[in-house]
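I have placed the structure first, in the form of structure tokens, so that the comments after it can refer back to it.
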Amino acid sequence: MRYLPHTESEIQQMLAIIGQAHLEDLFSTIPAHCRRKKKPNLPSPLSEWELDDHMNRLAAQMPQPAETKTFIGAGSYHHHIPAIIFHLLSRSEFVTSYTPYQPEISQGTLQAIYEYQTYVTRLLGMDVANASMYDGASSLAEALLMAMRITRRKKVAISSAVNPLYRKVVDTYLAPTGCDIIEMPYTSTGCTDSACLRQTTELAAVAVQSPNFFGCIEDLSAISTTAHQDEKTLMVTCFSEPLAYGIYKNPGSQGVDIACGEGQSLGIPQSFGGPGLGMFATRSAYVRNMPGRLVGKTTDLDGRRGFVLTLATREQHIRRERATSNICSNQGLCATAAAMYMATLGGTGFKKLAKLNYDKTEYLKRELRRIGCALPFQATTFNEFVVAYPNGFDRKYETLIEKNIVPGLPLDPFFPDLAGHYLLCVTETSAKADLDRLVKEVQS
Amino acid sequence: MRYLPHTESEIQQMLAIIGQAHLEDLFSTIPAHCRRKKKPNLPSPLSEWELDDHMNRLAAQMPQPAETKTFIGAGSYHHHIPAIIFHLLSRSEFVTSYTPYQPEISQGTLQAIYEYQTYVTRLLGMDVANASMYDGASSLAEALLMAMRITRRKKVAISSAVNPLYRKVVDTYLAPTGCDIIEMPYTSTGCTDSACLRQTTELAAVAVQSPNFFGCIEDLSAISTTAHQDEKTLMVTCFSEPLAYGIYKNPGSQGVDIACGEGQSLGIPQSFGGPGLGMFATRSAYVRNMPGRLVGKTTDLDGRRGFVLTLATREQHIRRERATSNICSNQGLCATAAAMYMATLGGTGFKKLAKLNYDKTEYLKRELRRIGCALPFQATTFNEFVVAYPNGFDRKYETLIEKNIVPGLPLDPFFPDLAGHYLLCVTETSAKADLDRLVKEVQS
Amino acid sequence: MTDRYGTTGLKFYEPLLWEKGASGRYGYSMPQQDVDEVPVAADLAGPGPDFPDLGELDVVRHYTRLSQWNFCIDSGMYPLGSCTMKYNPKTNDRQAQLPGFRNAHPLLPDKLAQGALKIMYELERYLAEITGLPALSLQPAAGAHGELTGMLICYAYHLDSGQPRSKIIIPDTAHGTNPSSATLCGFTPVTIRSNAAGILSAKDVAAIMDEDTAGIMITNPNTLGFFESDIKDITEIVHRKGGLVYADGANMNAVMGIVDMAEIGMDILHLNLHKTFSTPHGGGGPGSGPICVTQKLAPYLPVPRVIKQGNTFVLSEDFPQSVGKIHAFYGNFGVQLRAYSYVRSMGETHLKKASQLAVLNANYIKEMLKKHFHLPYDRPCMHECVFTDKYQAPHGVTTLDIAKRLMEYGFHPPTIYFPLVVKGAIMVEPTETESKDEIDRFIVAMKAIAKEAEESPALLKNAPNITKVKRLDETGAARKPCLSG
Amino acid sequence: MTDRYGTTGLKFYEPLLWEKGASGRYGYSMPQQDVDEVPVAADLAGPGPDFPDLGELDVVRHYTRLSQWNFCIDSGMYPLGSCTMKYNPKTNDRQAQLPGFRNAHPLLPDKLAQGALKIMYELERYLAEITGLPALSLQPAAGAHGELTGMLICYAYHLDSGQPRSKIIIPDTAHGTNPSSATLCGFTPVTIRSNAAGILSAKDVAAIMDEDTAGIMITNPNTLGFFESDIKDITEIVHRKGGLVYADGANMNAVMGIVDMAEIGMDILHLNLHKTFSTPHGGGGPGSGPICVTQKLAPYLPVPRVIKQGNTFVLSEDFPQSVGKIHAFYGNFGVQLRAYSYVRSMGETHLKKASQLAVLNANYIKEMLKKHFHLPYDRPCMHECVFTDKYQAPHGVTTLDIAKRLMEYGFHPPTIYFPLVVKGAIMVEPTETESKDEIDRFIVAMKAIAKEAEESPALLKNAPNITKVKRLDETGAARKPCLSG
Ligand SMILES: Cc1ncc(COP(=O)(O)O)c(C=O)c1O
Ligand SMILES: Cc1ncc(COP(=O)(O)O)c(C=O)c1O
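Residue numbers (my numbering), protein chains in the order written: chain A, 228 to 671; chain B, 228 to 671; chain C, 556 to 1040; chain D, 556 to 1040.
Below you can see the structure in the form of structure tokens.
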């Protein structure tokens, strides 16, 4: 096997030094009754070329990007990714290094993550951001755990317009904590109804998503104000489409205490849902309660600028059972990709691209309305929205899939009361012609 | 345009320093009558994404490797290329550097080329190899020019079993020199008939190819001996499939003075015929007559090993009209790829892979004979051979192409007397099943 | 020619991104505005982020230069104990980049996602064969995430049996994520000491295992590099009291094809695909931490699970006892795909051989260096061996100094100061992909450093000198954190 | 923070390939032996090459380390005069890697090769538009190869007109390939001196142009960076005597969309796609040197030529006057494809802008540095400017020293000692893809070096110190050549 460099004679020389005759003898400390008798039943090894063929065949069973138009977002977004990002990100120095425990020979990773942290704080309007979490859902769960730690409370309110997949992850993470989870309904405009907060006390956190699962922009300021009527309560915002902050007010400017979510849309391939990027940012006051790694700026013995992992006393490898989180490996390379992507867009490009997503979405909304589709929610959206397709669309859905169009995500599995409704997503990757085609197919 | 970094205000600042008001003013030294009035008529610029779509569409008009089996060699060979080669070769440090004129900051390229030169000498059994030529054909032409320079003669003999495309290039290069080109016929076994050499005097060079265009292995020793009956005459061998030297005697051991040819088969994609790799090697005695760049080993001021371009006094930038060749840029990155490929194979792998090519070819030969195809040439072959398909195959040829099989190269455009004959190539990329399928299709 | 692989050369200074650029410059190819512009509601509109405007080449140079400041597996041996920094095959990256995978939306209808689902289904089967544990979920995004999932399963299991338990036994050699993951599920860790041989004694476990203890978290081979040879007794003791045995499988690289984790009594185990299964670590992730369980615990695994219906793969949510979801989608599919490619490339024979060679390399290093560096447990090790700085301490030289000096020899330092039970630990895990030549050069370097520690300790105390930066002020960084610019 | 972009850091020593490895190790995935083994004829069989056996990781580390010893565009500014080291867009590499192109056999039936043929056909049209010369061949593999093709055409043309000619006029500023290419076609170069303004005078040309002179080879803008403003007169003189005008188009980057080469009387011109059209230079190639000609000379172009028949592209050999073939196939298609992508990305507007900015950058550098470095011709330049070491010479500092010192500032040196007519030439071609920031840093570095030359010349004489190797013994290398190991 080409990954195993030892020749037979090298093995013999090494065994001789160790004082053993056979490779099997190296395992003498494993009691006989602990050794497996049955070999693992695995397919026989493929050559590099057989593997290529095999994987080509499997990949060919998936939609081919040039042919298929998928109008689904719902937490995973199809955006153009500049070729330079793939090129730079595939450099061995980024790919095959470990967590930067030895800063003198890891400054590349460290500066890249420090820059990522900075971009995230600027994007979200927050003071500090960590080096990444696993994904948007677990970021939200960790945000709520953090709020519970800070407030020493066991009750949170969460909007039902938060991505239902994220809510499930929150449920899972919080199950052993005995935390009470209160669900805030959504109103007919598609936004969170925070009225219930007035009757609720002792909340560790109020959590919403913006743009929310329906694509609607939440009035974060208003909800923050309500939440902060109890000054201990933390306002938590999550997101799955951070590009929205190119045109909309950021969380930091609206009283948010923790902003977290998914960063896949920032230059990371969809890759069937992972790896993505958990983003996590908060106010300075809470920095020592944050989960996850942090890179900080410092100087070396000669006074030169350099970067290190810092505030590690929050973390599991130092603090063990008292750590702020159990996270160790995170999504570092994805954070680097996101930084590259944001760097490539620049502030000007970021705003322009966000606006383009918005404009295209508005175009499709208008066109669908024109042909008589109902758009139940009136709130402002970014690049996603809910549509009620005409009756009997289920069958057409299948036809469109045959035609390589996936016309949105059916909402009934998540919201039974929204049966017949679909969540659509439009990004810069859809040309007007693609949108027109969708409208024509729906109409026909 | 994202490749043009100047902002409007930067342009103004720079113009101010220069003392001009407009970009146009920078061209004041071009007389008005020399400025073009009509703009070049070019399609309007494509975005990165439009370009991707456009190129995807064009590439889709070409055979897709997973679907099509092309049994053509004839100077361009389909071999498996390990993924590591693409990965390593795409490193910016190799791709975006210039010819290593400044050795202190080009040691990567220089050592890589020095290693390439070494591998080439070892493969071909020659003393020295250069840093590359444009391709196999121009290498052969330069070899003959070199022989003419060394011998001060104007007559060469070239085998008609040399790739006809190479011979055409030789004709073109030699046209202004007034050199006499004598063609040596091929015998019924498929090899060169060097008998005519006995009647010919004053030859600068005798040139053959092995494996020759028909895939046959030439008896280089015998031809060398004949050629060297005039001790001034240089024996030149070319090749388009150097992998053959994994199992066959190399040129150096058979009295060859200049060995040259195409190295595409050593880990370089076929890429519709280029870029490939002109390989060029000779005996030490002729090193100062060689065309092309040479990398040599030396030491730095601290005595450390290092590499430099050397013997530049042969070259155009020093010697100008008296240079051994006009070549300047060569195929450096392809030479590096070939070195990587040979390094990955190792001596053991190189031999084994060559043998596998041979075995598979012998299998197909046997099977085609079994179903009654005539194989006109009896000489030993490597991974190519000539077959006479049954009468009326022309029509089937078209059918097979529809079925994504290209069953060899029709020989009549090159050798009218070989009408109805095809040149077939079999490499390690064809599984037995592929060969069986070809045989079945031919038979059916 | 020189013995030292570490040398110096030209590197480039590179400012922070926002110290570059010019307003209006751009590096992104903006698609056409082919629809009308629509104004954004003024009350919601924001100013957008304050990012510098850079050109394409600005970005390319920035990250090319940054990358050149990193050590990586592809540039040298990276014997970071417990991290299994083996070679990451490039062909696996190729597979992950196939457009059909790279661009797949996770919520595609199942019938459009058969290729991806098949990979997940088969990878689960392969990992089940390798670990011996029949049921699994690929959803956890890293090892610690797998631990959390495992502890959630443990928690749910005890809850279902009507007796929630409050404690969990964790050896003192455990990785920090173990107690931390357990705590997240409300368990109180009870630390157990390893014995003089560096392993757990069954009787020590027996002494503390009780009916309020949910189970034990055990790493086998443990972080000292030893196989827990009492494991069968230990798992029996735990099982007898109704507990579950959680195995931290981070060290699976030692025992592929050699130990069946179910046979030795493990109930739950996480794997680190970014260690044992050769997926790249990416400077900190993404990883993948599949969680494997016995048939009994299968109902608790996260949903959705990939199941096979006839010839079709479907994602099923229909597991009412499931702990729920731990990731928005199915975990780090791109990483799973690389591990899948690895297993398909290796097959059973080469995976076992990989473990054997990993153990061979570690024992060879242990034998060659034990005269030069103190070996706290002088006995055969598995895939890694732990030294200390005890012999060097009298010269004022610490493990940290040794690590820093090793950089100057061109090697990444081993893991240091872990496991915590060994004072000044130097934990060397060579992995099987390092050749004897490379290992020999590492040994030469380590011996040279041991000598330097005696003869010129300042060389070590002042190291590294030839790196892009020298030792950094970590205390200052933590005291006055500057976390963004 | 520092002004100097050149700094140092850890690099790795790496032996030669054959100083590594172990017999029997392997790095290649050998396909199955699925057919019988057949013995090889004993009289022809050879031992096979003596290459070391290496593992996959051996190879990966070897080339990763080697690469790290190189300077490249992606790591810093590379103002190599006459070489147009502009940024090489990554998207173009992506296109060249599309399997349909990458794996295409050159002798496919035309109907299977429509995608590739269309690219070649259209690229020819675009280059014809850009140069103004209507007919062309993409076959030459580099600039010098284009020159040779052009000279062959010139030779064939005169032969056809019944009067072979023996001489060719070449300015003293010409690149070495010009006289060398001409000689290959049997022409004797007649050198003509440039005038005090660094350009050719029409009257000097008139004085030597005669009926035995095949024509003139002219680089415009020339290698001093000046537009040959007498060009129309010159081409008229040459034409009047029946000669042809060959243009070395290596400097086309200055005049895209600004000058029509046919209008100013050029008959034959080669382009360097690896300069003007942004294809990467690959540490020495592959390049591509298309040859463009007037309609009159079109019949002489190499075959095959891509022609359009209805909607189909075919390769035609049917050009009886053709000089023949100059490459086995169609030249470096993979490079052409990148240039095609570049032209399609730029369009007319941005190509012209590129030329304007290239000229802007050069003039800006010239203005900013002319007080510090002697400018032999103080007049507006095109895309490059030429300084000398005259001001530094009194301190014993040469152009070479300046170049070496510049490395320590993190820049690739300019082209030095070329063109030959300028003593101690320092030829700076920034290209348009360098931003003002980068150019300003280059200027700062050059000024600092000018100062150092006065104050501490040893810094320059001893440079470079921080590179992987110091100055190398080039004389020794040439005296006792060691060309393989
Ligand atoms: C023994 C052990 N357990 C658990 C982990 C945590 O794994 P991860 O970093 O993937 O979360 C590690 C990682 O270093 C480890 O070494
Ligand atoms: C002016 C000029 N002409 C011709 C050439 C030769 O081009 P190539 O290296 O592509 O053969 C060069 C290359 O440096 C050049 O600068």
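Backbone N, C-alpha and C fix where the C-beta goes; we use that ideal spot for every residue, glycine too.
Please read all numbers here as calculations on a predicted model, not as lab measurements.
Give the residues of chain C in contact with residue i, contact being defined as C-beta atoms less than 7 Å apart.
i: Ile299 of chain A; result: His660, Leu662
What is the DSSP secondary structure of residue i, reduced to helix, strand or coil?
i: Tyr885 of chain C; result: coil
i: Thr557 of chain C; result: Only weak support exists for where Thr557 of chain C lies, its pLDDT of 48 falling under 50; the coordinates are left without a value.
i: His544 of chain B; result: helix
i: Asp621 of chain A; result: helix
i: Cys555 of chain B; result: coil
i: Tyr400 of chain B; result: helix
i: Ile308 of chain A; result: coil
i: Thr790 of chain C; result: helix
i: Glu939 of chain D; result: coil
i: Ala358 of chain B; result: coil
i: Pro643 of chain A; result: helix
i: Asn516 of chain B; result: helix
For residue i, which residues in chain B fall below 8 Å Cβ to Cβ?
i: Gln610 of chain C; result: Before going on, a small fix: residue 610 of chain C reads as Gly here, not Gln. Those are Arg229, Tyr230, Leu231, Pro232, listed as they occur along chain B.
i: Thr986 of chain C; result: Correct list: empty, because the minimum Cβ distance to chain B is about 18 Å.
Could you tell me which chain D residues have their CB closer than 8 Å to the CB of residue i, listed as they occur along the chain?
i: Tyr274 of chain A; result: Per the sequence shown, residue 274 of chain A should be read as Ser rather than Tyr. Per Cβ cutoff of 8 Å: Ser584, Met585, Pro586, Gln587.
i: Pro643 of chain B; result: The premise fails here: Pro643 of chain B is roughly 14 Å from chain D at the closest Cβ pair, so nothing lies under 8 Å.
Against residue i, what residues of chain D qualify as contacts under a CB-to-CB distance less than 9 Å, listed in chain order?
i: Ser319 of chain A; result: Val615, Thr619
Which chain A residues are close to residue i, counting only those with a beta carbon under 7 Å from its beta carbon?
i: Thr646 of chain D; result: Ala310
i: Asn283 of chain B; result: Ala293
Just confirm the distance between the C-beta atoms of residue i and residue j, as a whole number of angstroms; I'd bet it's less than 8 Å.
i: Ala696 of chain D; j: Asp398 of chain B; result: With a Cβ gap of about 18 Å, Ala696 of chain D and Asp398 of chain B do not count as contacting.
i: Leu678 of chain D; j: Tyr895 of chain D; result: 4 Å
i: Gly636 of chain D; j: Gly844 of chain D; result: Incorrect: roughly 19 Å between the Cβ atoms, too far for contact.
i: Pro985 of chain D; j: Ser255 of chain B; result: 20 Å between Cβ atoms; not a contact.
Going along chain D, which residues have a C-beta under 7 Å from residue i?
i: Ala830 of chain C; result: According to the sequence as given, residue 830 of chain C is Lys; it is not Ala. Near Lys830 of chain C there are no residues of chain D at all, since even the closest Cβ is about 17 Å away, more than 7 Å.
Which chain A residues sit within Cβ distance under 8 Å of residue i?
i: His307 of chain B; result: Glu275, Trp276
ask   = Pairing CB atoms from the segment 721-740 of chain C with CB atoms from the segment 545-564 of chain A, are three or more of them under 8 Å?
value = yes
query = Residues with a Cβ closer than 6 Å to any heavy atom of ligand 1, in chain order?
reply = A:Cys555, A:Ser556, C:Ser637, C:Cys638, C:Ala697, C:Gly698, C:Ala699, C:His730, C:Thr732, C:Thr774, C:Thr778, C:Asp803, C:Ala805, C:Asn827, C:Gly842, C:Gly844
*Check whether the segment 590-597 of chain B touches the segment 651-670 of chain B, taking contact to mean three or more Cβ pairs, one atom from each stretch, closer than 8 Å.*
yes
| message | Pairs of beta-carbons, one from the segment 593-607 of chain C and one from the segment 621-632 of chain C, closer than 8 Å: are there three or more? | response | Here the segment 593-607 of chain C makes no contact with the segment 621-632 of chain C; the two share fewer than three CB pairs at distances below 8 Å.
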